[in-house]
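Per this note's numbering, the sequence shown starts with residue 2, numbered consecutively.
Written below as structure tokens is the structure these notes are about.
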Amino acid sequence: MRLIALYRQKAARTGKVSEALREILRICDLQEVQDVHMKRNAALRALPLYLREEDPQFFKSWSLESMHFQAEEMDRPDITNTPVAIVSMVTEGTPSQVDLSPASTAILVEGGFVISNIPRMADSFALLFGLMYVLHLDYPKKLINTFTFIQKVLMGLDDGKPLKPCQLNLKNDLLLRE
């Protein structure tokens, strides 16, 4: 996957972004089963980092045990004041910052679950784009370049506006690697 190869190049450098990319790639490499869906998850999770964006509220991980009513309130992550998020549901142990093989995913809009039991993160992103269009929601401010890149380059939904320099550089790097 070309995006993963670009992430590996960037991870070989120094800096906070490179460290975060290295961590995602390390988790990706440690997975027992490396299928295309896991690599897509890694590519989607690392894209905001590569574009130098960060929104700690967007990607959330929850343990399926904490979703049950018996779970302590303190075991549940805080979702109040979360405008938009993709939640990874993990089955075992404590959810980590980056889970590339979740049991399922869910979409959170304005503090409430809108769609749950989505099998893959890539499907969650596609559904989230549809929800944002139908509900007239803006892209998260802290992830505007990420969402614009996914819309215009990965999904091919061009709105006629030019790409920003960071997005154009990534697009050109992807085209050069063919």
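Using N, Cα and C, we set each Cβ at its ideal position, and we do this for glycine too.
Would you kindly work out how many angstroms separate the C-alpha atoms of residue 8 and residue 114, rounded to a whole number? 31 Å
On a Cα-Cα basis, can you pick out the residue from 139, 117, 99 and 42 that is closest to residue 106? 117
Quick one: measure Cβ to Cβ for residue 52 and residue 146, integer angstroms, because I've assumed they're closer than 8 Å. 5 Å
Measure the beta-carbon distance from residue 141 to residue 56 and round it to whole angstroms, keeping in mind my assumption that it falls under 8 Å. 6 Å
Let me check understanding here. Comparing Cα to Cα, which of 111, 109 and 119 lies closest to residue 102? 119
Taking the alpha-carbon positions, what's the residue 125 to residue 108 distance? Residue 125 and residue 108: Cα-Cα distance of roughly 7 Å.
Close beta carbons around residue 167, own chain, < 8 Å, minus the five adjacent residues each side: Sequence-distant Cβ neighbours of residue 167 in its own chain, meaning closer than 8 Å and more than five residues away, are 52, 53 and 146.
Comparing C-alpha positions only, which one of 165, 110 and 99 sits nearest to residue 83? 110
What is the DSSP secondary structure of residue 162, counted as helix, strand or coil? coil
CA-CA distance, residue 99 and residue 90? 11 Å
Using the rule of at least 16 other Cβ atoms within 10 Å of the residue's Cβ for burial, across every protein chain shown, is residue 3 buried or exposed? exposed
List the residues that DSSP assigns as beta-bridge partners of residue 186. Residue 186 is absent from the model: the chain starts at 2 and stops at 179.
Alpha carbon to alpha carbon, how far is residue 158 from residue 22? Give it in angstroms, no decimals. 27 Å
Exposed unless 16 or more other CB atoms sit within 10 angstroms - verdict on residue 188: Coverage of the chain is limited to positions 2 through 179, which leaves residue 188 absent and any answer about it impossible.
Alpha carbon to alpha carbon, what distance is there between residue 39 and residue 33? 11 Å
Our contact map puts residue 25 next to residue 47 with C-beta atoms below 8 Å; I'd like the distance itself, whole angstroms only. 5 Å
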